[in-house]
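Residue numbers (UniProt numbering): 1 to 258.
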């Protein structure tokens, strides 16, 4: 199926590159992992064109069903799911330039896009464009990017501003607003892991199996697993704020020498 899919899309003149990425290309995967196929093109591949291709290959498919990037979902006779996602070459170049070359940090998940591309298996590459980008991303981790990620995410977790996540979590507990408290906890953890991966000079692998990926890193905050579990399991309980403060305190200690 993958070979037929690649061959069909490679015949479109706007298709520049096709890759296999995502869970199947990660260090931690299982039989439930989908096949994530990314198609990079110079202009949009229209849904009707995609539908014709899928109809000739897959028994079941759904077009325009991705809640994130524009994408389709297909299933073969054995029940394997193929997530087909589309990216413009212009947008891709902008993302890489903004983060990898210009060292601009995000709030959480800064280098996920870089990880996705750097770990891709190239199935088709018309001009060698994507292969060149992958080679660049597999080079040395930019020190300025590392510093910017750590600084920005520590600041949003526990900086001086009134909108720091830990302060907002304290207000949510005071108000008895468990939904808001849950939002702040999720935000803290997003920045927490962004800092860990940057500190270790590795790209962020995405939103799944983060504790497992973190354990591939050389350096981790003190009692990471225990602190994360306690921060999550105490949500809505009297000792939740103490658990959050301990989590953040150990993160401060961890980044002190960065």
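A virtual CB, placed ideally from N, CA and C, is assigned to each residue, including glycine.
Where the alpha helix (DSSP H) through residue i begins and ends
i           : result
residue 246 : 240-255
residue 143 : 143-158
residue 109 : Neither: residue 109 is in no alpha helix (DSSP H) and is coded neither H nor E.
residue 192 : 178-199
residue 137 : 129-137
residue 122 : Element bounds for residue 122: not the alpha helix (DSSP H) but the beta strand (DSSP E), 121-125.
Bounding residues of the beta strand (DSSP E) (the contiguous stretch that carries residue i)
i          : result
residue 18 : 15-21
residue 71 : 71-75
residue 85 : 81-88
residue 61 : 60-62
Residue environment, residue i, which counts as buried when at least 16 other CB atoms sit within 10 Å
i           : result
residue 178 : exposed
residue 94  : exposed
residue 148 : buried
residue 272 : Not covered by the structure: residue 272. The range shown for the chain is 1 to 258.
residue 22  : buried
residue 127 : exposed
residue 166 : buried
residue 158 : buried
residue 256 : exposed
residue 87  : buried
8 Å contact criterion, which residue i and residue j should meet: CB distance rounded
i           : j           : result
residue 133 : residue 198 : No, residue 133 and residue 198 are not in contact; Cβ-Cβ is about 20 Å, not under 8 Å.
residue 100 : residue 206 : Contact doesn't hold; Cβ gap of about 17 Å is too wide.
residue 123 : residue 19  : 6 Å
residue 42  : residue 14  : 5 Å
CB contact flag (residue i, residue j, <8 Å)
i           : j           : result
residue 85  : residue 71  : yes
residue 17  : residue 40  : yes
residue 188 : residue 217 : no
residue 185 : residue 251 : no
residue 153 : residue 194 : yes
residue 227 : residue 247 : yes
residue 75  : residue 54  : no
residue 200 : residue 225 : no
Residue i to residue j span [Cα, whole Å]
i           : j           : result
residue 130 : residue 237 : 49 Å
residue 142 : residue 97  : 12 Å
residue 215 : residue 56  : 43 Å
residue 253 : residue 135 : 34 Å
residue 259 : residue 249 : Nothing in the structure corresponds to residue 259, since the chain is present only between 1 and 258.
residue 110 : residue 118 : 14 Å
residue 155 : residue 145 : 15 Å
residue 45  : residue 73  : 15 Å
residue 204 : residue 191 : 11 Å
residue 121 : residue 171 : 46 Å
residue 4   : residue 258 : 48 Å
residue 162 : residue 90  : 37 Å
residue 245 : residue 212 : 23 Å
residue 78  : residue 69  : 26 Å
residue 92  : residue 82  : 21 Å
residue 182 : residue 12  : 45 Å
residue 137 : residue 174 : 45 Å
residue 10  : residue 243 : 52 Å
residue 139 : residue 113 : 15 Å
residue 125 : residue 2   : 15 Å
Check: residue i C-beta below 7 Å from any heavy atom of the ligand GDP
i           : result
residue 221 : The ligand content of the structure shown is nil, which means the ligand GDP is not present either.
Any C-beta of chain D under 8 Å from that of residue i
i           : result
residue 153 : Of the chains in the structure shown, none is chain D; there is only one protein chain.
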